[in-house]
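Heads up: the structure comes next, in structure tokens.
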Amino acid sequence: MAHSPWMAHGRRALYFERPNVNKGTEFWKLVHHALERGVAATLLVVVESLGSSPGRAGFKALVTEDGALYGSIGGGSMEHKLVEFARSRMASSSLPTTGSALMSPSEDPILLKRQVHRSDEPAYRSGMICSGEQTVAFVSLAMHDRSLVQRIVDELAGGLNIGFHLDRRGIRIGNVPGPNEHLVFTRTGETWTFSERLGAADRIVILGAGHVGLALSRTMHQLGFHVHVMDDRPGLNTMDGNHWAHERTVVDYARIGEWVEEDPKLYVVLVSFGYRTDDILVRQLIRKKFNYLGMMGSAEKVRVMFEAMLKDGFTEEELKRVNAPIGLPIHSRTPEEIAVSIAAQIISVRNDPQKQPFEDPARPG
3 MAHSPWMAHG RRALYFERPN VNKGTEFWKL VHHALERGVA ATLLVVVESL
53 GSSPGRAGFK ALVTEDGALY GSIGGGSMEH KLVEFARSRM ASSSLPTTGS
103 ALMSPSEDPI LLKRQVHRSD EPAYRSGMIC SGEQTVAFVS LAMHDRSLVQ
153 RIVDELAGGL NIGFHLDRRG IRIGNVPGPN EHLVFTRTGE TWTFSERLGA
203 ADRIVILGAG HVGLALSRTM HQLGFHVHVM DDRPGLNTMD GNHWAHERTV
253 VDYARIGEWV EEDPKLYVVL VSFGYRTDDI LVRQLIRKKF NYLGMMGSAE
303 KVRVMFEAML KDGFTEEELK RVNAPIGLPI HSRTPEEIAV SIAAQIISVR
353 NDPQKQPFED PARPG
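Quick note, the sequence shown lines up with residues 3 to 367 if you use the numbering used here.
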């Protein structure tokens with residue numbers, strides 16, 4: 003068995019019940035509940051988005067025949083128009099559904115509608131003027147789709163990633179798209195496919211389970227990250243009370259390099275007790291490849307630490323790998339504000355990997 007970055011030295015990280023804030027899981031629970039009520043429903047999925055479209059690929063909404071609406075495909079007049087279209091479509095005809103055994107070869111349970119957000123668009127104008135466009139799939143669902151939706155709920159609730167696939171004939175749960183293929187839409191003539199990785203695709207290790215670590219755990223969990231918090235202090239109340247982390251582990255900081263393995267997809271944040279522990283941590287991790295490595299501290303603390311590291315043989319190039327002081331310069335003071343600044347910087351890296359995160363003017367170098 004390959005060594006896992008979440009396990010070492012025969013010890014197992016702690017899994018436990020946590021608040022149900024995973025928006026993906028909650029959405030699919032609402033879908034399942036609607037189907038259990040015995041009402042017909044239409045799932046709206048943005049399968050493609052271009053330019054400044056308010057609805058990004060992967061956005062979803064559920065419209066039921068009894069008037070309920072869950073989720074969003076971007077809001078505004080465009081969403082209102084498509085929701086009303088879905089309602090009128092359900093009211094006016096007997097639609098084929100994804101599980102229908104009586105569906106003829108000519109019937110598709112899924113309709114695609116293209117929406118262009120420009121006032122001069124002659125055919126597919128959405129009513130918005132933000133210059134983007136999006137394509138939305140309308141998926142008809144009924145009671146017999148409950149088992150499929152329940153499977154999605156169960157696997158997401160268990161922390162698993164699953165492959166969600168759409169084509170003209172319906173929904174299929176299968177292989178998870180590759181690590182660089184979170185969303186894939188292809189179209190050739192009338193044939194098209196949409197594949198999406200559902201679940202916590204991104205992982206973050208937070209080294210330091212104090213008040214900032216707790217606040218950051220909550221923020222990153224709400225953003226859909228798999229959160230692993232580590233600290234070297236057993237019995238810490240902010241560790242024991244952290245119900246936002248998926249994993250909590252008490253570790254020896256002197257051996258952190260054995261716990262946190264190199265992973266170009268991993269986000270690592272240092273918010274430990276103080277200078278001494280941060281220094282121990284950063285020296286072991288700075289030469290590993292991560293998608294993001296950040297360290298909390300004042301500009302003066304960072305300057306002193308980095309000068310000492312340069313004297314000890316670390317290079318300027320290596321020091322540039324560390325986002326320190328961590329976070330965007332928003333004059334944050336409280337743990338919650340610091341968490342927002344860190345999360346915003348991480349999002350800027352995740353969503354535009356070619357772009358360097360915004361830097362604090364006070365940052366050395």
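Glycine residues also receive a C-beta, built at the ideal position from the N, C-alpha and C atoms.
Presumed contact (8 Å Cβ cut-off) between residue i and residue j, rounded CB distance
i           : j           : result
residue 258 : residue 227 : Between residue 227 and residue 258 the Cβ distance is about 20 Å, and since that is not below 8 Å, they are no contact.
residue 177 : residue 165 : 5 Å
residue 210 : residue 273 : 4 Å
residue 84  : residue 138 : 6 Å
residue 1   : residue 297 : Lying outside 3 to 367, the shown extent of the chain, residue 1 is not represented and no answer is given.
residue 116 : residue 44  : Actually they do not touch by this definition, with Cβ atoms about 17 Å apart.
residue 323 : residue 295 : 6 Å
residue 47  : residue 168 : 7 Å
residue 215 : residue 240 : 7 Å
residue 330 : residue 347 : 5 Å
residue 75  : residue 61  : 5 Å
residue 52  : residue 63  : Their Cβ separation, rounded to whole angstroms, is 19 Å, which puts residue 52 and residue 63 out of contact at 8 Å.
residue 275 : residue 212 : 7 Å
residue 50  : residue 136 : 6 Å
residue 163 : residue 134 : The pair is not a contact, with the Cβ atoms about 28 Å apart (cut-off 8 Å).
residue 112 : residue 170 : 6 Å
residue 2   : residue 352 : For residue 2 there is no data in the structure shown, the boundaries of the chain being 3 and 367.
residue 326 : residue 299 : 6 Å
Residues bridged to residue i [DSSP beta-bridge criterion]
i           : result
residue 232 : 209, 251
residue 198 : 166, 185
residue 74  : 62
residue 112 : 141
residue 190 : 193
Limits of the unbroken beta strand (DSSP E) element including residue i
i           : result
residue 169 : 164–169
residue 174 : 172–176
residue 52  : 43–52
Span of the alpha helix (DSSP H), counted from its first residue to its last, around residue i
i           : result
residue 88  : 78–94
residue 354 : From DSSP, residue 354 is part of no alpha helix (DSSP H); its letter is neither H nor E.
residue 239 : 239–242
Legend entry - the segment 301–310 contacting the segment 248–255, beta-carbon criterion three pairs below 8 Å: no
Inset, instruction - Tell me the start and end of each unbroken beta strand (DSSP E) in the segment 262–338 that is at least 3 residues and wholly inside, in chain order. - result: 265–272, 292–297
Legend entry - Unbroken stretches of the beta strand (DSSP E), 3 residues or longer, contained in the segment 128–159: 135–143
Inset, instruction - Would you check if there are 3 or more beta carbon pairs closer than 8 Å linking the segment 219–236 to the segment 286–296? - result: no
Legend entry - Segment contact, 8 Å Cβ cut-off, at least three pairs: the segment 182–197 with the segment 154–163: no
Inset, instruction - Check whether the segment 211–222 touches the segment 234–246, taking contact to mean three or more Cβ pairs, one atom from each stretch, closer than 8 Å. - result: yes
Inset, instruction - Would you check if there are 3 or more beta carbon pairs closer than 8 Å linking the segment 29–39 to the segment 143–153? - result: yes
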